[in-house]
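Protein chains in written order, with the working numbering: chain L, 1 to 215; chain G, 1 to 215.
By construction, the Cβ of each residue, glycine as well, lies at the ideal position given by its N, Cα and C atoms.
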DNA sequence: CCCAGGTAACCGTACGGTTAGCAAACTGAA
DNA sequence: TTCAGTTTGCTAACCGTACGGTTACCTGGG
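If you want it as structure tokens, here you go:
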């Protein structure tokens with residue numbers, strides 16, 4: 001005997017599932033068209049409901065954007081934690097963090113790295129984001145300093161290096177195509193390898209000349 | 001005797017100067033707030049005129065954005081031409097192109113790399129942009145292939161490398177601060193060196209650990 | 001009966017763009 | 001030199017519309 005509750009999702013589960021679907025759709029729309037150009041009517045239509053229905057799940061358009069950022073940074077810190085737990089040199093920790101971050105951002109958030117729309121946040125949300133984002137960037141800079149100290153990363157300006165790395169990563173949302181030839185796995189590995197080569201203290205083995213053939 | 005025309009700018013010159021000032025202000029506003037969030041009223045106010053005055057210089061807001069992109073790509077092709085004229089290996093040509101592009105984008109366009117707002121272009125303008133931008137990206141990929149062939153650049157996926165490079169470069173608009181400690185010269189040199197290290201076939205000398213102290 | 005999930009219709013407003021009109025400045029003929 | 005006539009640069013006021021958000025109402029399950 002199988003209880004219905006094990007098969008039929010509860011109301012709360014349904015609610016949460018729809019909430020997540022809405023969030024992903026919003027993230028996708030914000031990334032593709034920009035926050036202001038993506039209308040709630042569009043998003044609702046894609047989900048097969050009317051705009052008013054969305055307000056059962058989110059209090060405002062800005063709340064959607066706020067949550068997109070929150071999720072992205074959550075993924076970032078998760079990557080940091082995993083990398084720290086895994087150990088290794090500063091360089092290895094940096095690589096592990098970036099690879100995880102990239103992979104999750106591409107895959108989980110429906111191919112969306114929304115972090116290009118932070119100027120659309122409400123002022124209050126913006127200062128909140130800044131605090132968390134600065135903490136993330138500081139942590140990355142610390143990994144680079146750690147790598148310089150342990151000899152795995154070439155001496156460089158950690159601030160500039162992190163800016164460069166994050167630029168390359170967030171730019172993925174501009175060119176990645178869910179239905180293209182490049183998989184999320186391939187891209188996150190290949191891009192991490194490229195960035196690794198930029199900061200590695202020791203010469204790096206040759207890179208794949210075609211991403212599709214990479215493991 | 002000095003002719004007035006040598007001292008007092010002609011009406012045409014005044015017109016052109018104001019046009020350029022408007023373009024720079026628009027580029028700055030688009031970069032800071034995004035295309036949709038930057039209102040013409042805001043831009044006009046910063047220039048000390050009313051919105052209606054702007055229409056003496058540009059037929060529409062979209063025309064402003066279109067011209068921003070046109071200028072940026074002009075700078076890109078100019079950099080390519082200079083680098084080709086200067087000669088050297090594929091790696092050297094790539095570096096020269098990127099350094100020039102970065103420097104001009106930061107300096108000339110009033111610290112603005114607007115190329116993050118292409119989804120705000122009108123459909124017709126967008127396909128036009130795509131054509132020119134693809135030509136630019138193809139040219140950069142060719143430089144990388146040239147470098148791989150002549151042994152100056154490590155074998156890698158040229159497409160991914162160019163995406164990564166352009167991401168890092170265009171991201172500058174997100175963090176560069178005109179009144180900050182880093183000069184346009186320092187940033188364009190240091191960032192080019194970092195990206196060079198990523199693709200260079202041979203090990204690169206140590207990088208400056210603080211951009212302000214770099215030459 | 002109550003409440004979650006949804007719809008249709010509506011409201012307010014911000015903003016791109018237009019229009020009418022004015023003042024200064026150039027132009028050219030007398 | 002002057003002075004009408006035209007052009008340019010600009011303002012104030014307005015229009016249309018797209019869109020975020022709200023309200024009133026319907027439906028079906030617990």
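- Proximity to residue 187/L across 65/L, 205/L, 107/L, 50/L peaks at 107/L, based on C-alpha coordinates.
- The beta carbon of residue 83/L lies closer than 6 angstroms to those of 93, 96, 97 in the same chain, with the five residues before and after it left out.
- Spanning the alpha carbons of residue 175/L and residue 161/L requires a straight line of approximately 22 angstroms.
- Closest in alpha carbon position to residue 122/L, among 36/L, 11/L, 18/L, is 36/L.
- According to DSSP, residue 153/L shares a beta bridge with 200/L.
- Boundaries cannot be given for residue 89/G, as no alpha helix (DSSP H) includes it and DSSP labels it neither H nor E.
- By the 16-neighbour rule on beta-carbons within 10 angstroms, residue 15/G is exposed.
- Between residue 50/L and chain G, the shortest Cβ-Cβ separation is not below 8 angstroms.
- For residue 198/G, the residues of chain L that pass the 8 angstroms Cβ criterion are 194, 195, 197, 198, in the order they occur in the chain.
- A distance below 8 angstroms separates the beta carbons of residue 166/G and residue 171/L.
- When secondary structure is reduced to three states using DSSP, residue 177/G falls in the coil class, being assigned neither helix nor strand.
- Using a Cβ-Cβ cut-off of 8 angstroms, residue 157/G counts as an interface residue toward chain L, since at least one Cβ of chain L sits closer than that to its own.
- DSSP places residue 163/G in the uninterrupted alpha helix (DSSP H) bounded by 158 to 170.
- Within the stretch 22 to 40 of chain L, those residues whose Cβ lies closer than 8 angstroms to any Cβ of chain G are, in chain order, 32, 33, 34, 35, 36, 37.
- Burial of residue 61/G is indicated by the presence of at least 16 other C-beta atoms within 10 angstroms of its C-beta.
- In this structure, 117/L is the residue among 117/L, 102/L, 208/L with its C-alpha nearest to the C-alpha of residue 69/L.
- With three or more CB-CB distances shorter than 8 angstroms, the stretch 196 to 210 of chain L counts as touching the stretch 194 to 202 of chain G.
- Among the CB atoms of chain G, none fall inside 8 angstroms of the CB of residue 69/L.
- With a 10 Å radius around the Cβ and a threshold of 16 neighbouring Cβ atoms, residue 28/G comes out buried.
- Shown here, residue 126/L sits in a helix according to DSSP, grouped into three states.
- For the stretch 83 to 114 of chain G, the set of residues with a beta-carbon nearer than 9 angstroms to any beta-carbon of chain L is empty.
- Within chain G, 34, 37 have C-beta atoms less than 7 angstroms from the C-beta of residue 120/L, given in sequence order.
- Between the beta-carbon of residue 146/L and that of residue 90/L there is about 3 angstroms, and that keeps the pair under the 8 angstroms contact cut.
- Chain G places no beta carbon closer than 8 angstroms to that of residue 180/L, leaving this residue out of the contacts.
- In chain order, 157, 160 make up the part of chain G whose C-beta sits under 7 angstroms from the C-beta of residue 211/L.
- Approximately 6 angstroms separates the beta-carbon atoms of residue 207/G and residue 193/G; this is inside 8 angstroms, confirming the contact.
- The closest CA to that of residue 191/L, considering only 157/G, 209/G, 10/G, 204/G, is found on 157/G.
- Bounds of any alpha helix (DSSP H) do not take in residue 35/G, whose DSSP letter is neither H nor E.
- In this structure, residue 40/L keeps its C-beta atom at 8 angstroms or more from the C-beta atom of residue 120/L.
- Collapsing the DSSP output to three states places residue 192/L in a helix.
- In the structure shown, the three-state DSSP call for residue 98/G is helix.
- Setting aside the 5 residues that flank it on each side, residue 34/G is surrounded in the same chain by 117, each with a C-beta closer than 7 angstroms to its C-beta; the list follows chain order.
- Of the residues 87/G, 46/G, 25/G, the one whose Cα lies closest to the Cα of residue 67/G is 25/G.
- Boundaries for residue 115/L: no alpha helix (DSSP H) harbours it, and the DSSP string shows neither H nor E there.
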